[in-house]
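Counting from 4, one number per residue, gives the positions in the sequence shown under the working numbering.
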Amino acid sequence: MTITLRLFARASELVGQSELELELAVQSTVGNLRAQLGRQFPQLAPTLPHLLFAVDNDYVPDAFVLNDGASVVAFPPVSGG
């Protein structure tokens with residue numbers, strides 16, 4: 004299946020792109036996506052544990068199962084003051 008992943012901040016800088024189309028196995032989870040990103044983009048590995056993922060404007064856990072054609076957003080945690 005194919006998903007679209009949008010990256011922000013340091014993640015997009017490390018990958019060199021802000022949007023990627025990725026092929027994943029059917030029934031892949033966000034955790035599978037996180038692992039694949041680490042394999043495809045080793046320079047992203049130190050950042051991966053800190054990234055938050057969202058699908059359809061909702062944060063999703065690593066156990067969330069992705070659908071074909073999903074639009075996924077990955078971004079660093081935001082803190083304010």
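We treat Cβ as the ideally placed atom computed from N, Cα and C, and that holds for glycine.
Being a predicted model, the structure only gives us computed values, none of them experimental.
Listed in chain order, the non-local C-beta contacts of His-53 below 8 Å within the same chain comprise Pro-79 and Pro-80, local neighbours out to five positions each way being set aside. In this structure, Leu-27 lies away from Gly-41, with their beta-carbon atoms at least 8 Å apart. For Ser-74, the uninterrupted beta strand (DSSP E) run begins and ends at 74-78, by DSSP.
Rounded to whole angstroms, Leu-55 and Val-68 show a C-alpha spacing of 15 Å. Between Asp-59 and Arg-37, the beta carbon gap of about 18 Å keeps them out of contact (Cβ cut-off 8 Å).
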